[in-house]
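Written below as structure tokens is the structure these notes are about.
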Amino acid sequence: ETGVTQTPRHLVMGMTNKKSLKCEQHLGHNAMYWYKQSAKKPLELMFVYNFKEQTENNSVPSRFSPECPNSSHLFLHLHTLQPEDSALYLCASSQDYRDRISPLHFGNGTRLTVT
Amino acid sequence: AQSVAQPEDQVNVAEGNPLTVKCTYSVSGNPYLFWYVQYPNRGLQFLLKYITGDNLVKGSYGFEAEFNKSQTSFHLKKPSALVSDSALYFCAVRAINSGGSNYKLTFGKGTLLTVNP
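In order, the protein sequences belong to chains D and B. For the first sequence, position 83 (counting from the first letter as 1) is numbered 85 according to our numbering, and the numbering increases by one without interruption. For the second sequence, position 88 (counting from the first letter as 1) is numbered 176 according to our numbering, and the numbering increases by one without interruption.
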């Protein structure tokens, strides 16, 4: 049990669909992250929220839209995706984004396939 | 810009033999260094970290890593590999940047470790 729960575990969607990924953490952390993991590439940081405020947006296309209603929940809203967006999307949390020492805690990811 | 290199996409070792997974980094100033492991169909799990002090850091599941400042390396090691150690291993670096605003954690591409029975 990781303390960070992601749903759904698998998602297949067409390019015209709209879907959302959900992440919930039970660790009392204040920072939450979305990462994209593609084969043989470094993890790509997409978004960071610290105390519900977005602190990082690494030039992510607007077809990905994050939402952080509170420190325990994080969403990634998806619309008009492209096949190259197929990947494993990982959510993570940490005590505070500015705390350089504390490790990240990851969920098990959502495997997204765009057809 | 900071970066992490894991020069081997794949490492194969026999069970019971020692294993090493290599990592070198580039960062402005001194680093905080981390190793994570990813088992199939799972997220990343924290293994160990180097913050300061002793260059040899011990972590979970019998793993250790040695920080070498002159070679900018942080290789992961284990004296005796188990089949259950087979997984994807990621090295990551953060800059010690007091007063700055660079908090980013940069990951390597990962190294697939296969331990053969």
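Where a beta carbon is used, it is the ideal one built from N, C-alpha and C, also for glycine. Nothing here was measured: the structure is a model prediction, and the numbers come from that model.
Going by C-alpha to C-alpha distance, which of the options sits closest to residue i?
i               : options                        : result
S104 of chain D : D:D87, D:H28, D:N32            : D:N32
Q8 of chain D   : D:V116, D:M15, D:L90           : D:L90
W36 of chain D  : D:A94, D:T112, D:R65           : D:A94
G16 of chain D  : D:L80, D:G5, D:P44             : D:L80
S67 of chain D  : D:S22, D:V116, D:T18           : D:S22
E26 of chain D  : D:T117, D:T112, D:V116         : D:T112
K146 of chain B : B:T112, B:F162, B:G196, B:S158 : B:F162
P44 of chain D  : B:A89, B:V109, B:Q94, B:K165   : B:Q94
Y99 of chain D  : D:V6, D:F53, D:T117, D:G109    : D:F53
Y113 of chain B : B:Y149, B:N143, B:V203, B:N156 : B:N156
A240 of chain B : B:K192, B:L107, B:K197, B:A183 : An answer regarding residue 240 of chain B cannot be provided, because it is not within the stretch 89 to 205 covered by chain B.
L200 of chain B : B:L164, B:S91, B:A183, B:K192  : B:L164
G196 of chain B : B:V203, B:N143, B:N190, B:R182 : B:R182
Give the residues of chain D in contact with residue i, contact being defined as C-beta atoms less than 7 angstroms apart.
i               : result
Y191 of chain B : Y99, R100, R102
K197 of chain B : K42, K43, P44
F162 of chain B : Chain D residues near F162 of chain B: none, gap ~14 angstroms exceeds 7 angstroms.
Along chain C, in chain order, which residues have C-beta atoms closer than 8 angstroms to that of residue i?
i              : result
D97 of chain B : Within the model displayed, chain C is absent; protein chains D and B are what it includes.
So which residues of chain B does residue i contact, with C-beta pairs closer than 8 angstroms?
i              : result
L83 of chain D : Within chain B, no residue comes near L83 of chain D; the closest Cβ sits about 21 angstroms away, beyond 8 angstroms.
L92 of chain D : G131, L132
Show which residues of chain D have a CB atom less than 9 angstroms away from the CB atom of residue i.
i               : result
G157 of chain B : It should be noted that the sequence gives Lys, not Gly, for residue 157 of chain B. Within 9 angstroms Cβ-Cβ: nothing; K157 of chain B doesn't reach chain D, min ~18 angstroms.
Give the interface partners of residue i over in chain B, defined as CB-CB distance under 9 angstroms, in chain order.
i               : result
L106 of chain D : F122, Y124, L132, F134, A180, L193
L78 of chain D  : In chain order: nothing, as chain B lies at least about 15 angstroms away.
L47 of chain D  : K192, L193, T194, F195
List the residues of chain B that residue i touches, going by C-beta distances under 7 angstroms, in chain order.
i               : result
G109 of chain D : G131
>> So, does the segment 169-184 of chain B touch the segment 124-137 of chain B, judging by three or more C-beta pairs under 8 angstroms?
In response: yes
>> To be precise: take each residue of the segment 106-126 of chain B, compare its Cβ to all Cβ atoms of chain D, and keep it if any distance is under 7 angstroms. Which residues remain?
In response: Y120, F122
> Which ranges does the beta strand (DSSP E) cover as unbroken runs of at least 3 residues, wholly within the segment 41-117 of chain D, from first to last along the chain?
Replying inline: 46-52, 55-59, 66-72, 75-81, 89-96, 112-116
> Can at least three beta-carbon pairs, one atom from the segment 97-109 of chain B and one from the segment 50-61 of chain D, be found at a separation below 8 angstroms?
Replying inline: no
>> Does the contact criterion of 3 or more C-beta pairs under 8 angstroms hold for the segment 131-145 of chain B versus the segment 108-121 of chain B?
In response: yes
> Counting pairs of Cβ atoms below 8 angstroms between the segment 100-114 of chain B and the segment 159-173 of chain B, do you hit three or more?
Replying inline: yes
> Using a beta-carbon distance cut-off of less than 8 angstroms, what residues from the segment 126-142 of chain B approach chain D?
Replying inline: N129, R130, G131, L132, Q133, F134, K137, I139
> Relative to chain B, which residues along the segment 56-74 of chain D have a C-beta separation below 7 angstroms, given in chain order?
Replying inline: none
> Can you list the alpha helix (DSSP H) stretches of 4 or more residues lying completely in the segment 121-160 of chain B, in chain order?
Replying inline: none
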